[in-house]
Amino acid sequence: MIQVIIGSGGINTMLDFLALIGRQFLSKIAGFGRASFILFYALFAWPQPKNFPLVITQLYNVGVKSLLIIAVSGLFIGMVLGLQGYTILVDFGSEQSVGQMVALSLVRELAPVVTGLLFAGRAGSALTAEIGLMKATEQLASLEMIGVDPLRRIVAPRLWAGFISMPILSMIFAIVGVYGGALVSIEWLGVYSGAFWSVMQDSVDFYDDVLNGIIKAVVFGIVVTWVAIYQGLESIPTSEGISQSTTRTVVYSSLMILGLDFVLTVLMFGDI
Amino acid sequence: MGDRENVIKISHLRFKRGDRVIFKDINISIPKGKISAIMGPSGSGKTTLLKMIGGQLSPDAGSVSVEGTVVHDLSRKALFSLRKKMGMLFQSGALFSDMSVFQNVAFPLQVNTSLNAEMIRDIVLLKLQAVGLRGASHLMPSELSGGMARRVALARAIALDPEIVMYDEPFAGQDPIGMGVLVTLIKKLNQALGHTSVIVSHDIQETLSIADYIFIIADGEMLASGTAEQIKNSSSEKVQQFIHGHPDGPVPFHYPAIDLMQQIMVGDTGDHREWGH
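Just so you know, the sequences run in chain order A and B. Position 37 (the first sequence) corresponds to 37 in our numbering; numbering is contiguous. If you want our numbering, it's the 1-based position in the second sequence plus 272.
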């Protein structure tokens, strides 16, 4: 690569290339700085009681409206886990453990991760598009001119709504998933229901499994909402710019969820 | 222009966006209580200038001061409180799409004053009456025509009885009737409320008909300034081209390019991005 560059354009092209890398790096750092400022400023803006109704509205937009897709996905994933788990475990004569398998995979991994991915696609993209359009139609500028800080009025309630709703959605996903697994295993495949539930109850630990799953969901909720809002605020106010930012929200937050999930899993369960 | 009282003073303003120089050296003094118009071709930075007066952008050099305070030196808090004295009509109207017409106009009063609900209601109805849309108070912004949306935005901009009202391209994209309504409204509101009006526009006839003072910017510099009469009688060719809308003149019709015959002979498209591959 470097040889090609030097060969074709000489030392100047090489320097341009280095300058380009430097510029990209600096702009990424500056972007991260702006994003951090938005996060911290909006978080410190929380204690105003008059903004509370705004948080409720956003909880509805971000959380309640994502409920259906989360519940349906949870049901299907739970059912698939039950079916797959049964077909493997039945060979070892331990099909009663299918409850344990379904519950642990859901609570530890699938509920926070899949909910996070769906949340990025459903709520994150909507947040980016909404804020991007507010910017394009000068609504943010007009708030500023009225003397209202958009970070407090627009950004903070949305961030908090994302932080709060994501762990709840993840728990709902896990619960519906467990019932989906039970439906397939007990009703369809004939696993003894007493064994299904008691093995699950014995093996799932509140602190090790449930709490760690919730911590993951909280982290993913922060990541998705933060990325979505930053991308909305930084979007280029044209139709093309907003579509790019929306795509970026989904791509970046999905990748960050998967990457952070690995890191968190190593920290939580890696010492076995 | 004598010893009039200036409410906005812009001196030696310089501003760059990326590598593009928007303002080289701009000096403008806007008199109190009058209608001043800032005119110029598209892309000459007129809207940028309004954003600087409102403190949404800071200049690279020079200063913008409103009522004696330098806008870009203010703290965030002081800036927000200065903005309560300013109303701005955005080009798109910028109505909050999740609020009704009534709520839009009430919003600045709710967040910036401690008036009770009945007083706010009365003020909102009066402002809507002034723009002729009291009957539309229950509509959502998506149900309004472009002209109506701009009038609602105007009612919102004057809700707090600001001392300065800024209009960003108020006539752009309006039908003839809507245009006439806005021209009359801006003039009447200025006379009735006594605020200072700053209009940014490139609609020549409408602007010349109501503005007391006109400033024409082009290429980052002040091309001409004066009363409507003085501008009409200006000897500058550029000013004449601008106000009469001649397609060619000192501001060329053609984007800079190599000679046409030469380009045809060479067989070059001029588009050096790789297209069609």
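The C-beta atom is built at its ideal place from N, Cα and C for all residues, glycine as well. These numbers were taken from a predicted model, which means no experiment stands behind them.
Spatial neighbours of residue i in its chain, beta-carbon cut-off 7 Å, leaving aside the 5 residues before and after
| i | result |
| --- | --- |
| residue 500 of chain B | 480, 483, 486 |
| residue 429 of chain B | 359, 360, 361, 437 |
| residue 283 of chain B | 299, 334, 335 |
| residue 78 of chain A | 102, 106, 176, 177, 178, 179, 180, 181 |
| residue 441 of chain B | 363, 472, 473 |
Interface flag, residue i vs chain A, CB-CB below 9 Å
| i | result |
| --- | --- |
| residue 324 of chain B | no |
| residue 465 of chain B | no |
| residue 275 of chain B | Because the pLDDT at residue 275 of chain B is just 46, under 50, the model does not fix this residue reliably, and the value given afterwards should be weighed accordingly. It does not; no Cβ of chain A falls within 9 Å. |
| residue 350 of chain B | no |
| residue 363 of chain B | yes |
| residue 288 of chain B | no |
| residue 444 of chain B | no |
| residue 487 of chain B | no |
| residue 369 of chain B | yes |
| residue 232 of chain B | Here chain B covers residues 273 to 549 and nothing more, so residue 232 of chain B does not appear. |
| residue 428 of chain B | yes |
| residue 408 of chain B | no |
| residue 359 of chain B | yes |
| residue 347 of chain B | no |
| residue 353 of chain B | yes |
| residue 366 of chain B | yes |
Residue i at chain B interface by Cβ criterion, 9 Å
| i | result |
| --- | --- |
| residue 137 of chain A | yes |
| residue 208 of chain A | no |
| residue 257 of chain A | no |
| residue 6 of chain A | Note that residue 6 of chain A scores 48 on pLDDT, short of 50, meaning its location in the model is unreliable; the coordinates nonetheless yield the value given after this. It does not: the Cβ of residue 6 of chain A has no partner Cβ on chain B nearer than 9 Å. |
| residue 260 of chain A | no |
Identity of the residues DSSP links to residue i by a beta bridge
| i | result |
| --- | --- |
| residue 281 of chain B | B:301, B:337 |
| residue 485 of chain B | B:308 |
| residue 438 of chain B | B:360, B:470 |
| residue 493 of chain B | B:297, B:490 |
| residue 498 of chain B | B:486 |
| residue 289 of chain B | B:292 |
| residue 342 of chain B | B:337 |
Beta-carbon proximity list for residue i, same chain, < 6 Å, skipping 5 on both sides
| i | result |
| --- | --- |
| residue 216 of chain A | 112, 264 |
| residue 120 of chain A | 224, 250, 253, 254 |
| residue 54 of chain A | 157 |
| residue 135 of chain A | 237 |
| residue 246 of chain A | 125, 128, 129 |
| residue 256 of chain A | 223 |
| residue 476 of chain B | 515 |
| residue 286 of chain B | 295, 332, 333, 334 |
Residues of its chain near residue i, where Cβ-Cβ distance is below 8 Å and the 5 sequence neighbours each way are ignored
| i | result |
| --- | --- |
| residue 434 of chain B | 356, 357, 358, 359, 467 |
| residue 48 of chain A | 152 |
| residue 424 of chain B | 365, 367, 373, 376, 377, 400, 403, 405, 408, 413, 416 |
| residue 447 of chain B | 419 |
| residue 51 of chain A | 45, 152, 153, 156, 157 |
| residue 196 of chain A | 96, 98, 99, 182, 185, 186 |
Are there three or more Cβ pairs, one per stretch, closer than 8 Å when the stretch 374-385 of chain B is compared with the stretch 448-463 of chain B?
-> With a cut-off of 8 Å on Cβ pairs, the stretch 374-385 of chain B is not in contact with the stretch 448-463 of chain B, counting fewer than three such pairs.
Between the stretch 119-149 of chain A and chain B, which residues of the former have a C-beta closer than 9 Å to a C-beta of the latter?
-> For the stretch 119-149 of chain A, the set of residues with a beta-carbon nearer than 9 Å to any beta-carbon of chain B comprises 133, 134, 136, 137, 138, 139, 140, 141, 142, 143, 144, 145, 146, 147, 148, 149, in chain order.
Inspect the CB distances between the stretch 206-224 of chain A and the stretch 161-170 of chain A and report whether three or more fall short of 8 Å.
-> Contact between the stretch 206-224 of chain A and the stretch 161-170 of chain A is present, because at least three Cβ pairs lie under 8 Å.
Taking 8 Å as the threshold, find out whether the stretch 278-295 of chain B comes into contact with the stretch 331-342 of chain B through three or more Cβ pairs.
-> As far as the Cβ criterion goes, the stretch 278-295 of chain B touches the stretch 331-342 of chain B, which means the pair count is three or higher.
Against chain A: residues of the stretch 379-395 of chain B by CB proximity under 9 Å | Those residues of the stretch 379-395 of chain B that come within reach of chain A (Cβ to Cβ, closer than 9 Å) are 379, 380, 383, 384.
May I ask you to verify whether the stretch 73-93 of chain A touches the stretch 223-238 of chain A, counting CB pairs closer than 8 Å and requiring at least 3?
-> Between the stretch 73-93 of chain A and the stretch 223-238 of chain A there are fewer than three inter-stretch CB-CB distances shorter than 8 Å, so the stretches are not counted as touching.
Note down, in chain order, all residues in the stretch 496-524 of chain B with a beta-carbon under 9 Å from any beta-carbon belonging to chain A.
-> So nothing in the stretch comes that close.
On the three-pair Cβ rule with 8 Å, is the stretch 140-157 of chain A touching the stretch 173-189 of chain A?
-> Proximity of the stretch 140-157 of chain A to the stretch 173-189 of chain A falls short of the contact definition, fewer than three beta-carbon pairs being nearer than 8 Å.
At least three beta-carbon pairs within less than 8 Å, the stretch 338-351 of chain B to the stretch 507-526 of chain B | Taking 8 Å as the limit for Cβ pairs, the verdict is that the stretch 507-526 of chain B does not touch the stretch 338-351 of chain B.
Just checking, does the stretch 356-370 of chain B make contact with the stretch 390-409 of chain B on the three C-beta pairs under 8 Å criterion?
-> Verdict: no, contact absent.
When the Cβ atoms of the stretch 321-330 of chain B are set against those of the stretch 491-506 of chain B, are three or more pairs found closer than 8 Å?
-> The stretch 321-330 of chain B makes no contact with the stretch 491-506 of chain B; the number of CB pairs closer than 8 Å stays below 3.
Interface positions of the stretch 306-338 of chain B facing chain A (Cβ-Cβ less than 8 Å), listed along the chain | Those residues of the stretch 306-338 of chain B that come within reach of chain A (Cβ to Cβ, closer than 8 Å) are 323, 326, 328.
Should the stretch 304-313 of chain B be called in touch with the stretch 276-287 of chain B, which here means at least 3 C-beta pairs below 8 Å?
-> Flag = yes, the stretch 304-313 of chain B and the stretch 276-287 of chain B touch.
Okay, do the stretch 33-51 of chain A and the stretch 93-104 of chain A touch, 3+ Cβ pairs below 8 Å being the bar?
-> Too few Cβ pairs lie closer than 8 Å, so no.
Three or more C-beta pairs closer than 8 Å, one from the stretch 190-203 of chain A and one from the stretch 233-243 of chain A: is that the case here?
-> Proximity of the stretch 190-203 of chain A to the stretch 233-243 of chain A falls short of the contact definition, fewer than three beta-carbon pairs being nearer than 8 Å.
Are at least three pairs of beta-carbons, each pair with one atom in the stretch 401-421 of chain B and one in the stretch 366-377 of chain B, less than 8 Å apart?
-> In short, these stretches touch, since the Cβ pair count reaches three.
May I ask you to verify whether the stretch 114-128 of chain A touches the stretch 57-72 of chain A, counting CB pairs closer than 8 Å and requiring at least 3?
-> Counting C-beta pairs with one atom in each stretch, the stretch 114-128 of chain A and the stretch 57-72 of chain A have three or more that are closer than 8 Å, which means they touch.
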